[in-house]
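So the structure is just underneath, and the comments pick up after that.
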Amino acid sequence: MGYDLTRLLVGSEGTLAVIAEATLRLLPCPTARLTYRAIYGSYGAATRAISAVLNQPLAPSAIEFLDERALALIRTEVPEIPEAGRALLLIELEQNHPFTPSEIEAFEARLG
Numbered sequence: 000m001g002y003d004l005t006r007l008l009v010g011s012e013g014t015l016a017v018i019a020e021a022t023l024r025l026l027p028c029p030t031a032r033l034t035y036r037a038i039y040g041s042y043g044a045a046t047r048a049i050s051a052v053l054n055q056p057l058a059p060s061a062i063e064f065l066d067e068r069a070l071a072l073i074r075t076e077v078p079e080i081p082e083a084g085r086a087l088l089l090i091e092l093e094q095n096h097p098f099t100p101s102e103i104e105a106f107e108a109r110l111g
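See below:
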């Protein structure tokens, strides 16, 4: 067992290495996409939802965590965000075939 070089280089923000060659692998654009906005009353509830989302078959392509300060700024332009919300998650799912109702239901159950 050695060092995890990927984490080491990412953690060093590129200061520990020079990349001399890279290979680009292109993937087809996903044909199905779902975006969720979930509002939580506490940071703990939001982080538990993140853990639940990451430990299920539909892997998110993106997760954005917005804290109270970010929400306060956003509420000036989007007043329909509830004042009781202390954390907001934006989650995007993508795949190359339509989402089934059972996949959607299982995913939504993980949001809490």
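Read in order, the letters of the sequence shown are residues 0 to 111 in numbering that gives the first Met the number 0. Ideal Cβ positions, reconstructed from N, Cα and C, are used throughout, including at glycine. As the structure is a prediction and not an experimental result, all values here were calculated from the model.
Selection from 41, 107 and 95 that minimises the alpha carbon distance to residue 28: As a working mapping, residue 28 is identified with position 29 in the sequence shown. Of the candidates 41, 107 and 95, 95 places its Cα closest to the Cα of residue 28.
Just the C-alpha distance for residue 79 and residue 39, rounded to the nearest angstrom, thanks. Here residue 79 is taken as the residue at index 80 of the sequence shown, counted from 1. Here residue 39 is taken as the residue at index 40 of the sequence shown, counted from 1. Near 14 Å, if we compare the C-alpha coordinates of residue 39 and residue 79.
Which residues share a DSSP beta bridge with residue 36? Looking up residue 36 in the sequence shown gives position 37. Answer is 89, bridged to residue 36.
Between residue 106 and residue 55, which are expected to be in contact by the criterion C-beta below 8 Å, what is the C-beta distance as a whole number of angstroms? To locate residue 106, count along the sequence shown from 1; it is residue 107. To locate residue 55, count along the sequence shown from 1; it is residue 56. Cβ-Cβ separation between residue 106 and residue 55: approximately 7 Å, consistent with a contact (criterion under 8 Å).
Kindly indicate the opening and closing residues of the beta strand (DSSP E) around residue 65. Mapped onto the sequence shown, residue 65 falls at position 66. Residues 59-65.
Please look up how many angstroms separate the CB atoms of residue 57 and residue 92, rounded, as I've assumed it's under 8 Å. Residue mapping note: residue 57 aligns to position 58 of the sequence shown, counting from 1. Residue mapping note: residue 92 aligns to position 93 of the sequence shown, counting from 1. Taking the Cβ atoms as the reference, residue 57 lies roughly 5 Å from residue 92, within the contact range of under 8 Å.
Rounded to whole angstroms, what's the CA-CA distance from residue 82 to residue 73? Just pull it up for me. One-based indexing of the sequence shown puts residue 82 at position 83. One-based indexing of the sequence shown puts residue 73 at position 74. Near 11 Å, if we compare the C-alpha coordinates of residue 73 and residue 82.
Bounding residues of the alpha helix (DSSP H) (the contiguous stretch that carries residue 52): For this step, residue 52 is matched to residue 53 along the sequence shown. Unbroken alpha helix (DSSP H) run through residue 52: 42-53.
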